[in-house]
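Its first residue numbered 1, the sequence shown is counted upward by one per residue in the numbering used here.
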Amino acid sequence: MKVKDCMCNEVSWVKPNCTIKDCAKIMMENHIGCVPVCDDSKKVVGLVTDRDIILRSVACDKDIKTSPVSDIMTCNVYCCTPDTDVSDAEHLMSQNQVRRIPVIDNNKIVGILTLGDLATTRDTDVDKTLENICKCDDKNAE
Numbered sequence: 001m002k003v004k005d006c007m008c009n010e011v012s013w014v015k016p017n018c019t020i021k022d023c024a025k026i027m028m029e030n031h032i033g034c035v036p037v038c039d040d041s042k043k044v045v046g047l048v049t050d051r052d053i054i055l056r057s058v059a060c061d062k063d064i065k066t067s068p069v070s071d072i073m074t075c076n077v078y079c080c081t082p083d084t085d086v087s088d089a090e091h092l093m094s095q096n097q098v099r100r101i102p103v104i105d106n107n108k109i110v111g112i113l114t115l116g117d118l119a120t121t122r123d124t125d126v127d128k129t130l131e132n133i134c135k136c137d138d139k140n141a142e
């Protein structure tokens, strides 16, 4: 099975200069937990999650009305293509402990693949993927 068979084709995205507040509103209105950050050509340059908003802006006393998402976004974003095998995408998510990956085609965002998308697909190892995403390193264990 390919990523294009289970990904979400309708993806909301923002530009790097979008304010954190406006990004959070997009998340709220669309009931989503992350938003890719793209340049004018729709190339993914970052990713902002609801967790980023809490830990990198609210907890750091950033002004969410004026601070751009580029201040808090994750820059090293793992992506896949629509023709990536779902098992390869799962492996990428599992190895890097991420719950969502943008789907790109010709360097432009065309969708997003989430753990939820994988959960609705019978041909996946979503339980193993989730286990790997959520595990802690031994060095962090108490």
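From the three backbone atoms N, C-alpha and C, an ideal C-beta is built for every residue, glycine too.
Remember, predicted model here, so these are calculated numbers, not experimental data.
- Residue state for Ile109 is assigned as strand, using DSSP reduced to three classes.
- Its chain contains Leu92, Asn96, Val98, Ile101 as the residues whose beta carbon lies nearer than 7 Å to that of Tyr78, once the 5 sequence neighbours on both sides are disregarded; these appear in chain order.
- In terms of Cα proximity to Asp117, the closest of Lys2, Met7, Met1 is Met7.
- DSSP places Arg99 in the coil class of the three-state scheme, outside both helix and strand.
- Residue pairing by DSSP places Ile104 opposite Ile109 in a beta bridge.
- With a minimum length of 4 residues, the unbroken runs of alpha helix (DSSP H) contained wholly in the segment 4-73 fall at 20-30.
- Each of Asp52, Asn106, Arg56, Asp61 was checked against the Cα of Lys42, and the nearest Cα belongs to Asn106.
- Here Val3 is not near Val69, since their CB atoms are 7 Å or more apart.
- In the structure shown, Asp117 falls within a helical segment according to DSSP collapsed to helix, strand and coil.
- Residue state for Asp88 is assigned as helix, using DSSP reduced to three classes.
- With respect to the C-alpha of Cys60, the residue from Ile20, Ile112, Thr120, Val14 having the closest C-alpha is Ile20.
- In summary, Asp52 is buried, with 16 or more beta-carbon neighbours lying within 10 Å of its beta-carbon over all protein chains present.
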